[in-house]
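There are 2 protein chains.
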Amino acid sequence: MAETTRPMRRQDIRRENEKAILLAAEKVFAEAGFGGATMQLIADLAGLPKANLHYYFATKEELYRSVVQNIFEIWLQAANCFDAARGPVDGISAYIDAKMEISRRHPDGSKVWASEVMHGAPVLQDYMESTLREWTDGRVEIIRRWIEEGKMDPVDPRHLLYMLWATTQHYADFGHQIETLNGGKSLSDRQWREAKENIKRVILTGIGAQPA
Amino acid sequence: MAETTRPMRRQDIRRENEKAILLAAEKVFAEAGFGGATMQLIADLAGLPKANLHYYFATKEELYRSVVQNIFEIWLQAANCFDAARGPVDGISAYIDAKMEISRRHPDGSKVWASEVMHGAPVLQDYMESTLREWTDGRVEIIRRWIEEGKMDPVDPRHLLYMLWATTQHYADFGHQIETLNGGKSLSDRQWREAKENIKRVILTGIGAQPA
DNA sequence: TTGCATCCTGACCGTATGGTCAGCTTTCAG
DNA sequence: CTGAAAGCTGACCATACGGTCAGGATGCAA
Numbered sequence: 000m001a002e003t004t005r006p007m008r009r010q011d012i013r014r015e016n017e018k019a020i021l022l023a024a025e026k027v028f029a030e031a032g033f034g035g036a037t038m039q040l041i042a043d044l045a046g047l048p049k050a051n052l053h054y055y056f057a058t059k060e061e062l063y064r065s066v067v068q069n070i071f072e073i074w075l076q077a078a079n080c081f082d083a084a085r086g087p088v089d090g091i092s093a094y095i096d097a098k099m100e101i102s103r104r105h106p107d108g109s110k111v112w113a114s115e116v117m118h119g120a121p122v123l124q125d126y127m128e129s130t131l132r133e134w135t136d137g138r139v140e141i142i143r144r145w146i147e148e149g150k151m152d153p154v155d156p157r158h159l160l161y162m163l164w165a166t167t168q169h170y171a172d173f174g175h176q177i178e179t180l181n182g183g184k185s186l187s188d189r190q191w192r193e194a195k196e197n198i199k200r201v202i203l204t205g206i207g208a209q210p211a
Numbered sequence: 000m001a002e003t004t005r006p007m008r009r010q011d012i013r014r015e016n017e018k019a020i021l022l023a024a025e026k027v028f029a030e031a032g033f034g035g036a037t038m039q040l041i042a043d044l045a046g047l048p049k050a051n052l053h054y055y056f057a058t059k060e061e062l063y064r065s066v067v068q069n070i071f072e073i074w075l076q077a078a079n080c081f082d083a084a085r086g087p088v089d090g091i092s093a094y095i096d097a098k099m100e101i102s103r104r105h106p107d108g109s110k111v112w113a114s115e116v117m118h119g120a121p122v123l124q125d126y127m128e129s130t131l132r133e134w135t136d137g138r139v140e141i142i143r144r145w146i147e148e149g150k151m152d153p154v155d156p157r158h159l160l161y162m163l164w165a166t167t168q169h170y171a172d173f174g175h176q177i178e179t180l181n182g183g184k185s186l187s188d189r190q191w192r193e194a195k196e197n198i199k200r201v202i203l204t205g206i207g208a209q210p211a
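Chains A and B are the protein sequences, given in the same order.
With the first letter of the first sequence counted as 1, position 97 gets the number 96 in numbering that gives the first Met the number 0; the numbers rise by one all the way through.
With the first letter of the second sequence counted as 1, position 76 gets the number 75 in numbering that gives the first Met the number 0; the numbers rise by one all the way through.
See the structure below:
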């Protein structure tokens, strides 16, 4: 840790504290849900007094909103891989890799997102009706084109997307279950690789994807 | 409603009230999470005074535990279809149908289960380490045998199971997202049928399942 | 009819939580 | 150097929540 007693710039202070709070909040919200999370717990984890949280984020809702929006952006970002692809093999492989990497590196974020959606997306409804819908429609169109071009079987694009989302996020959201069934140990590098390869293989074979 | 002023038997009273409470609790826990749910809300939804809840279920935890255990049993029950099957086509088809039916008929239960696992299974850890593990090991063995008998490609059985769980439960847990992307409407009979068929087709094709 | 076990509930309690605020310290532009 | 703005925080408050309980109502066996 480069944390000497060196004086900090105002800007740095703000940035670092917000970052610490958001990180702590993500973890606590993921572990306890919105209702179960307490500002005190988040404060303790961030190493700050509770009142300091309210200095940066006026209310619990505002903090939660920030956490969820952060995740949503990471989530959408994984989509880029999808676009540049020449065909289903490239595109879907890259997307699965990206989403699995998110599940592995940001399991807390994934859980918060899942929780948000499960509770009816009280915070993100707007985003779902605009950004997410546009994103989805775009990918549906790409898949439809692939089908027309004979690059894959005529599978319903929406259900295919749901399958991709479900399968990849499962490794984050149900990570605890997977660990338990893995003898209480988290998946090794090798097991993660196997997971990715199995998913890719089953889905790509399942949709009859033709190398572009 | 067959609720006339007819006097009730003691037995009936107990059974009906417990049922009403469990139903209301399932819904509230699903919508708000354990932390966000309040006994008052559950009581209101069940049409009973809050104190009456505590007559039947001493604590919030005890009520929650009952709800979660109920779901776990329904969940395991869907496994039977899997066993009697002669091969992967029959077995996995039946399992997908059963789990999709659960997602459609018990979305709240599915959400509570998901929530429980996401939060580290504080209540169900024992079950996961015993019942769930045994169940899983059994199915893994069946799948392994199918592979040996050449009835399907050599896919990792565990990752295949995760894929089945993820894909089917997604329609309950992320039902709100799916509805939003469906123009705000819940899926029609036809759309549910299409969902099932797409899933079955992709997975069965993906694992190279041979009709037994 | 009687007595008892079960069922029911309004009123109450202690605690934990989200949020506030007055007043302190620190940074930094001028 | 100085003053104002930004950052910080212990102490405090109102509320909401889980849970309790005394005592009334109701079903039922004998």
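Glycine is no exception: its CB is placed at the ideal position from the N, C-alpha and C atoms.
Nearest neighbour of residue i, chosen from the options [CA to CA]
| i | options | result |
| --- | --- | --- |
| Ile95 (chain A) | A:Gly205, A:Lys199 and A:Pro210 | A:Lys199 |
| Leu63 (chain B) | B:Ala78, B:Lys49 and B:Lys26 | The sequence given here places Tyr at residue 63 (chain B); Leu does not occur at that position. Comparing Cα-Cα distances from Tyr63 (chain B) to each of B:Ala78, B:Lys49 and B:Lys26, the minimum goes to B:Lys26. |
| Asp125 (chain A) | A:Gly182, A:Val67 and A:Ser187 | A:Val67 |
| Met127 (chain B) | A:Lys49, A:Asp172, A:Ala77 and A:Leu180 | A:Leu180 |
| Ala23 (chain A) | A:Gly46, A:Arg14, A:Gly34 and A:Arg13 | A:Gly46 |
| Gln168 (chain B) | A:Met117, A:Trp191, A:Glu148 and A:Gly207 | A:Met117 |
| Gln172 (chain B) | B:Lys18, B:Ile20, B:Glu30 and B:Glu15 | Checking the sequence, you will find Asp at residue 172 (chain B) rather than Gln. Selected option, being the one with the closest Cα: B:Glu30. |
| Lys195 (chain B) | B:Asn79, B:Ile12 and B:Met99 | B:Met99 |
| Gly86 (chain A) | A:Lys110, A:Leu123 and A:Asp152 | A:Asp152 |
| Thr58 (chain A) | A:Phe33, A:Lys18 and A:Ala165 | A:Phe33 |
| Trp191 (chain B) | B:Ala84, B:Tyr170 and B:Val88 | B:Tyr170 |
| Arg189 (chain B) | A:Glu193, A:Ser109, A:Asp155 and A:Gly149 | A:Asp155 |
| Glu61 (chain B) | B:Pro48, B:Val88, B:Glu148 and B:Phe28 | B:Phe28 |
| Ala97 (chain B) | B:Trp164, B:Thr204 and B:Gly182 | B:Trp164 |
| Asp89 (chain B) | B:Lys150, B:Arg14 and B:Glu193 | B:Lys150 |
| Leu84 (chain A) | A:Trp145, A:Ser109 and A:Asp136 | First, the amino acid is wrong: residue 84 (chain A) is Ala here, not Leu. Closest by alpha carbon: A:Trp145. |
Limits of the alpha helix (DSSP H) - the one that residue i falls within
| i | result |
| --- | --- |
| Gly35 (chain A) | Arg9 to Gly35 |
| Asp43 (chain B) | Met38 to Ala45 |
| Ala93 (chain A) | Pro87 to Arg104 |
| Ser65 (chain A) | Lys59 to Gln76 |
| Asn79 (chain A) | Asn79 to Ala83 |
| Leu203 (chain A) | Asp188 to Gly205 |
| Leu163 (chain A) | Pro156 to Asp172 |
| Gly137 (chain A) | Arg132 to Glu147 |
| Asn51 (chain B) | Lys49 to Tyr55 |
Cα-Cα separation, residue i to residue j
| i | j | result |
| --- | --- | --- |
| Ala1 (chain B) | Leu40 (chain B) | The predicted model places Ala1 (chain B) with a pLDDT of 36, which falls under 50 and marks its position as unreliable, so this point remains unresolved. |
| Ser92 (chain B) | Leu44 (chain A) | 46 Å |
| Gln10 (chain B) | Trp112 (chain B) | 29 Å |
| Ser114 (chain B) | His175 (chain A) | 11 Å |
| Thr37 (chain B) | Phe56 (chain B) | 14 Å |
| Arg138 (chain B) | Thr130 (chain A) | 40 Å |
| Trp134 (chain A) | Glu72 (chain A) | 12 Å |
| Ile234 (chain B) | Leu123 (chain A) | Missing from the structure shown is residue 234 (chain B); chain B here goes from 0 to 211 and no further. |
| Leu52 (chain A) | Ile20 (chain A) | 7 Å |
| Thr3 (chain B) | Asn16 (chain B) | Reliability fails at Thr3 (chain B), whose pLDDT of 38 lies under 50, so the model's placement of it is uncertain and the value that follows must be treated cautiously. When rounded, the distance between both Cα atoms is 16 Å. |
| Trp74 (chain A) | Ile101 (chain A) | 8 Å |
| Gly35 (chain A) | Pro210 (chain B) | 49 Å |
| His158 (chain B) | Asn197 (chain A) | 7 Å |
| Ala50 (chain B) | Ile141 (chain B) | 49 Å |
| Asp107 (chain B) | Thr166 (chain B) | 17 Å |
| Ile70 (chain A) | Ala120 (chain A) | 13 Å |
| Ala42 (chain B) | Tyr54 (chain B) | 12 Å |
| Arg5 (chain B) | Cys80 (chain B) | Caution is warranted here: a pLDDT of 47 is assigned to Arg5 (chain B), below 50, making its placement in the model unreliable, and the coordinate value is therefore given only provisionally. So the alpha carbons of these two residues sit roughly 41 Å apart. |
| Leu186 (chain B) | Arg104 (chain A) | 33 Å |
| Ala77 (chain A) | Glu178 (chain A) | 25 Å |
| Arg143 (chain B) | Glu147 (chain A) | 37 Å |
| Pro48 (chain B) | Ser65 (chain B) | 19 Å |
| Arg217 (chain A) | Arg8 (chain A) | A question about residue 217 (chain A) goes unanswered here, because the residues of chain A that appear run from 0 up to 211. |
| Val201 (chain B) | Met162 (chain A) | 10 Å |
| Leu203 (chain B) | Gly183 (chain A) | 30 Å |
| Gly205 (chain B) | Ile206 (chain A) | 7 Å |
| Asp82 (chain A) | Ala208 (chain A) | 16 Å |
| Asp136 (chain A) | Asp136 (chain B) | 40 Å |
| Leu160 (chain A) | Leu160 (chain B) | 19 Å |
| Glu193 (chain A) | Ser109 (chain A) | 21 Å |
Anything in the stretch 128-155 of chain A with a Cβ closer than 9 Å to a Cβ of chain B? List those residues in chain order, please.
Glu128, Leu131, Arg132, Thr135, Asp136, Asp152, Val154 and Asp155
Residues from the stretch 174-195 of chain B in contact with chain A, defined by Cβ distance under 7 Å
His175, Gln176, Ile177, Thr179, Leu180, Glu193 and Ala194
Taking any Cβ of chain A, which residues in the stretch 78-111 of chain B have a Cβ under 8 Å from it, in chain order?
Lys110
Taking only beta carbons into account, state which residues of the stretch 23-34 of chain B come closer than 9 Å to chain A, listed in chain order.
Ala29, Glu30, Ala31, Gly32, Phe33 and Gly34
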